[in-house]
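Contents: one structure, followed by commentary.
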Amino acid sequence: MKKWRVDLLGVPFTVFSDHRTLENFTKQKHLSHRQAQWQELMSQYDYVITYIAGVDNAPADSMLRKPLPPCTITSDTITAIWEATTAMANHPPVTPVLAAMSGLQIDCDANWITAVKSGYELDSWCSYLVDSLWDSVAQKAIGVDAAGVSASKALGHG
32 MKKWRVDLLG VPFTVFSDHR TLENFTKQKH LSHRQAQWQE LMSQYDYVIT
82 YIAGVDNAPA DSMLRKPLPP CTITSDTITA IWEATTAMAN HPPVTPVLAA
132 MSGLQIDCDA NWITAVKSGY ELDSWCSYLV DSLWDSVAQK AIGVDAAGVS
182 ASKALGHG
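In the working numbering, the protein residues as written are 32 to 189.
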């Protein structure tokens, strides 16, 4: 509601819900603290809540029932992502647990990806994060020599 506030203020609209009890939301006499907060927020708008049975709500129902593509992420990939994330956050390592499998396929424009990558290269904060990650990963893989020179500096990344 906050996102579309400017568009919705002063314009009557209908909220369709599969929760029949919400139809009486504006007519309730005794409200909990949280309900009172929501009612205060919603009082700015000119709206009506209308019940629509879940089986009749085809657009929402079809979005919820779309089959997920098979998951191709391995536990090794999850471990690598977890190690990179903890290295950047400087937190002690925790063993990652694969609790559930789900999938998401995202397609985007190659020119946009190139623009994002070059933006990362120009951004000082992103460069700092990449250097920190490189130091952490390289030190684990190659180690620090006896003179205390980090692997990333020896390889020209520091």
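In this text, a Cβ means the ideal position worked out from N, Cα and C, and glycines have one as well.
Subject >> Three-way DSSP call (helix, strand, coil) for residue 147 in this model >> reply: helix
Subject >> DSSP-derived helix/strand/coil call for residue 46 >> reply: strand
**OP:** Using a threshold of 8 Å, state whether the C-beta atoms of residue 62 and residue 75 are closer than that.
**Re:** no
**OP:** Determine the contact status of residue 164 and residue 115, defining contact as a CB-CB distance below 8 Å.
**Re:** yes
Original post:
Are there 16 or more other CB atoms within 10 angstroms of the CB of residue 118, so buried, or fewer, so exposed?
Top reply: buried
**OP:** Measure how close the beta-carbons of residue 78 and residue 44 come, nearest whole angstrom, since I'm counting them as under 8 Å.
**Re:** 5 Å
**OP:** Would you mind giving the Cβ-Cβ distance between residue 84 and residue 49, rounded to the nearest angstrom? I have them listed as a contact below 8 Å.
**Re:** 6 Å
Original post:
Do you know how far the Cα of residue 42 is from the Cα of residue 155?
Top reply: 45 Å
Original post:
Run through DSSP, which three-state label would residue 116 get?
Top reply: It is helical.
Original post:
When you compare only the Cα positions, how much space is there between residue 140 and residue 101?
Top reply: 23 Å
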